[in-house]
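Residue numbers (the working numbering): 221 to 513.
Read the structure below first, then the notes.
Set out below in structure tokens:
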């Protein structure tokens, strides 16, 4: 909600008439003051009626599953009354594919980036996914006990990742740098800024056609990278495969894996007690499009 309701007068003036801002602001005016966190960021969990009606919610409400469940139950009771009062007709929730920001869905090519810590020894469970049992009774900060995260990377010119022939050739430097600086970042447990150009010591990625069958071109990628900033570093090897459709001029599949040793910590990436060195893996794969769009 930070982008709909940012802090500061200068930011609010920029979106004063934005429909999303007006909608969320009207909702906030109905909330108990203790739940709205005013002034301040509005990140939290909010349950809103179709007309912006307050049902339930609170800033940073995800700290306790039990408290959140009670709020959801209260929201459902308010919804029952609101539905009668306004004549709202409930409709089935439509099924949808993977959720991504609008700019990702609109991009010519979007890659889903998954980051994981990798096993460091016998019995190590680094990188495993969380379960409901894992979360039970724990605070929101317990996410640092699991090493997995996900975000996106967009590519404006997908054809730049298609080689001309069967000989190995370099991926254009601008595309390689974008992948290395934006995606190969230790965001496993939190937030980490992109690598600066001067922090990239090695960024090499080659591509070659493996075979062509009809309109489908199978492509192989290989490379390496080394980024360093003070004690923070990541040194992965890269390998990948993809299928390019010459008729639609688009990728049918794309996977690029980067595996190597990371070390150090950033301000918000929750590595203060886990500075390594330790292995980390990053997977870039084609973001599934919603067929309705």
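Positions of the beta carbon are idealized from the N, C-alpha and C atoms, including for glycine.
None of the values given here were measured: they were computed from a predicted structure.
1. Closest to residue 504 by CA distance: which of 394, 370 and 485 is it?
2. Spatial neighbours of residue 448 within its chain, please: CB distance less than 7 Å, with the 5 preceding and 5 following residues excluded, ordered by chain position.
3. Report the three-state DSSP secondary structure of residue 300 (helix, strand or coil).
4. Judging by CA-CA distance, which residue of 298, 311, 276 and 330 is the nearest neighbour of residue 508?
5. Short check: CB of residue 440 to CB of residue 446, under 9 Å?
6. So, helix, strand or coil for residue 235, using DSSP?
7. If residue 276 sits next to residue 295, beta carbons under 8 Å apart, how far is it from one beta carbon to the other, in whole angstroms?
8. So, residue 427 versus residue 381, is the Cβ gap smaller than 9 Å?
9. Might you give, ordered along the chain, the residues of its own chain that have their beta carbon closer than 6 Å to the beta carbon of residue 390, omitting 5 neighbours on each side?
10. Tell me the residue span of the beta strand (DSSP E) that contains residue 417.
11. Since residue 251 contacts residue 292 with CB under 8 Å, what's their CB separation in whole angstroms?
12. Consult DSSP for residue 251 and reduce its assignment to one of helix, strand or coil.
13. Between which two residues does the alpha helix (DSSP H) carrying residue 401 extend?
14. One question on the structure: do residue 403 and residue 324 come within less than 9 Å of each other, judged by their Cβ atoms?
On the basis of the supplied data:
1. 370
2. 419 and 421
3. helix
4. 330
5. no
6. coil
7. 4 Å
8. yes
9. 426
10. Counting along the chain, residue 417 falls outside any beta strand (DSSP E), and DSSP gives it neither H nor E.
11. About 15 Å; that fails the 8 Å criterion.
12. coil
13. Note, residue 401: premise wrong, no alpha helix (DSSP H); not H, not E.
14. no
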